[in-house]
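Asker:
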Amino acid sequence: MRGIEVAVAPAPVPESVPVGAMLATDGLQYVQTRDGAKHLSLIPESIGELSDPPTPPAR
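In this note's numbering, the protein residues as written are 80 to 138.
And the structure:
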């Protein structure tokens with residue numbers, strides 16, 4: 080054998096990442112990917128709920 084010819088092309092980005100475990104609840108999402116990385120995320124809609132309520136005007 081004198082050599083091997085190889086043609087390389089970039090793989091398309093998958094629409095979703097394969098996960099080993101996923102748990103989601105109101106405003107919070109936990110995902111463990113197949114490589115063992117763990118991700119804890121706040122879902123954007125719930126971030127506003129974490130802020131302090133507006134202070135009522137002084138009388």
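The beta carbon of each residue, even a glycine, is placed where N, CA and C say it ideally should be.
I'd like to confirm the pairing. Which residues does DSSP put opposite valine 110 in its beta bridges?
Answerer: Taking the sequence shown and counting its residues from 1, one reaches residue 110 at position 31. Partner(s): Met101, His118.
Asker: Compare the C-alpha of isoleucine 122 against each of Met101, Val92, Pro135, Leu107 and name the closest.
Answerer: The residue labelled residue 122 in the question sits at position 43 within the sequence shown. Taking only the C-alpha atoms, the option nearest isoleucine 122 is Leu107.
Asker: Please tell me whether valine 92 and methionine 101 are closer than 8 Å, where the distance is taken between their beta carbons.
Answerer: The residue given as residue 92 occupies position 13 in the sequence shown. The residue given as residue 101 occupies position 22 in the sequence shown. Taking 8 Å as the Cβ cut-off, valine 92 and methionine 101 do not qualify as a contacting pair.
Asker: Pick helix, strand or coil for proline 123, following the three-state DSSP scheme.
Answerer: Reading the sequence shown from its first residue, position 44 is the one you call residue 123. In this structure, proline 123 counts as helix in the three-state DSSP scheme.
Asker: Between the alpha carbons of alanine 88 and glycine 115, how many angstroms are there, rounded?
Answerer: Translated into positions along the sequence shown, residue 88 becomes position 9. Translated into positions along the sequence shown, residue 115 becomes position 36. Each residue's alpha carbon lies about 27 Å from the other.
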